[in-house]
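One structure is given here, and the rest of the page talks about it.
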Amino acid sequence: MPSPLPTIDAAEIRTATTDDIADLVAIEERCFSADKISRRQFRYLLTKARAVTLLFQDSGRMEGYATIFLNAKASLARVYSIAVLPDRRGKGIARRLALAGESLARAKGITRIRLEIRSDNTPSIALFRSLGYRPIKELKAYYEDGADGWRYEKNLSAADVGWRRASTHSGTP
Ligand SMILES: CC(C)(COP(=O)(O)OP(=O)(O)OC[C@H]1O[C@@H](n2cnc3c(N)ncnc32)[C@H](O)[C@@H]1OP(=O)(O)O)[C@@H](O)C(=O)NCCC(=O)NCCS
Numbered sequence: 330m331p332s333p334l335p336t337i338d339a340a341e342i343r344t345a346t347t348d349d350i351a352d353l354v355a356i357e358e359r360c361f362s363a364d365k366i367s368r369r370q371f372r373y374l375l376t377k378a379r380a381v382t383l384l385f386q387d388s389g390r391m392e393g394y395a396t397i398f399l400n401a402k403a404s405l406a407r408v409y410s411i412a413v414l415p416d417r418r419g420k421g422i423a424r425r426l427a428l429a430g431e432s433l434a435r436a437k438g439i440t441r442i443r444l445e446i447r448s449d450n451t452p453s454i455a456l457f458r459s460l461g462y463r464p465i466k467e468l469k470a471y472y473e474d475g476a477d478g479w480r481y482e483k484n485l486s487a488a489d490v491g492w493r494r495a496s497t498h499s500g501t502p
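The opening position of the sequence shown corresponds to residue 330 in the working numbering, with each subsequent residue numbered one higher.
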């Protein structure tokens with residue numbers, strides 16, 4: 330069976346291992362000013378949690394990642410975190426990571442995927458709305474600094490797939 334993770338030119342999406350923790354922490358440092366995932370938390374996510382961390386890598390350089398919880402029992406996935414290095418944004422990397430995560434979730438029979446986004450995180454809201462995620466619940470004072478957020482959800486069933494222009498851990502961008 331072909332891998333659900335795409336290869337794009339010299340770029341590829343692959344699953345992270347504990348060897349990638351230093352790079353993941355470096356991305357976190359450059360992408361968030363609060364609610365950052367620590368080295369220890371990444372180790373847990375990569376070894377013990379029911380989660381997958383996908384890396385976007387181009388010519389050997391790690392440029393972005395997404396961590397997704399996959400709960401097949403509850404048929405629910407959750408984008409826990411997604412980030413792309415500032416100088417690599419606007420090139421479709423986060424979209425590819427999110428879609429790869431959705432493919433993995435679908436492959437496990439999962440039918441819904443969620444994430445939480447700060448109300449002031451315009452790029453992330455635009456990204457996930459463009460992928461078909463819809464706001465389902467307002468989250469008052471959800472973040473470390475008291476900021477509000479929204480929970481978004483997408484139905485992964487066949488009628489609501491990926492690329493349509495209709496329409497996370499989520500830290501301070
Ligand atoms: C949010 C983030 C992951 C987006 O990464 P990215 O690789 O630049 O996003 P993409 O290039 O895949 O963008 C895909 C779509 O998202 C939307 N989008 C992304 N960035 C946007 C911006 N700055 N303004 C408006 N829309 C934006 C657009 O619809 C875009 O499609 P288009 O380029 O065809 O118009 C990135 O800005 C980031 O790392 N931010 C800091 C960390 C963060 O906030 N993570 C999310 C927590 S919930």
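Beta carbons are placed, not taken as given, at the ideal position from N, Cα and C, and that holds for glycine.
Predicted model only: the values in this text are computed from it and were never measured.
What I want to know is whether the C-beta of residue i ends up closer than 7 Å to one or more non-hydrogen atoms of ligand 1.
i	result
Ile-411	yes
Ala-423	yes
Ser-459	yes
Pro-452	yes
Ile-446	yes
Leu-456	yes
Arg-435	no
Lys-503	Since the first residue of the chain shown is 330 and the last is 502, residue 503 is not available in this structure.
Arg-430	Going by the sequence as given, residue 430 is Gly instead of Arg. Not under cutoff, so the answer is no.
Lys-420	yes
Phe-361	yes
Gly-393	yes
Are the CB atoms of residue i and residue j nearer to each other than 8 Å?
i	j	result
Ala-339	Asp-416	no
Glu-445	Arg-418	no
Gly-475	Arg-447	no
Leu-383	Thr-440	no
Ser-410	Ile-366	yes
Val-413	Ile-442	no
Ala-406	Ala-434	yes
Glu-473	Asp-364	yes
Ile-303	Leu-426	Outside the modelled stretch of the chain, which goes from 330 to 502, sits residue 303, for which no answer is possible.
Gly-438	Ala-401	yes
Where does residue i sit, in a helix, a strand or coil, going by DSSP?
i	result
Ser-496	Confidence is the limiting factor: at Ser-496 the pLDDT is only 38, short of 50, which leaves the residue's position unreliable, though a coordinate-based value still follows. In this structure, Ser-496 counts as coil in the three-state DSSP scheme.
Leu-449	The amino acid at residue 449 is misidentified as Leu; the sequence shows Asp. Coil.
Thr-344	strand
Tyr-481	strand
Tyr-471	coil
Ile-366	coil
Leu-374	helix
Leu-433	helix
Asp-489	Confidence is the limiting factor: at Asp-489 the pLDDT is only 48, short of 50, which leaves the residue's position unreliable and the question unanswerable from this model.
Leu-383	strand
Asp-349	helix
Leu-414	coil
Ile-422	helix
So is residue i in contact with chain B if we call contact Cβ pairs under 8 Å?
i	result
Tyr-472	Of the chains in the structure shown, none is chain B; there is only one protein chain.
If contacts are defined as beta-carbon pairs under 8 Å, then residue i and residue j qualify, I think. What distance do you get, rounded to the angstrom?
i	j	result
Arg-368	Val-354	5 Å
Met-391	Asp-349	7 Å
The segment 422-432 / the segment 366-379 touching (three or more Cβ pairs under 8 Å)
As far as the Cβ criterion goes, the segment 422-432 does not touch the segment 366-379, which means the pair count is below three.
Is there contact between the segment 390-397 and the segment 423-439, where contact requires at least three CB pairs shorter than 8 Å?
Between the segment 390-397 and the segment 423-439 there are three or more inter-stretch CB-CB distances shorter than 8 Å, so the stretches are counted as touching.
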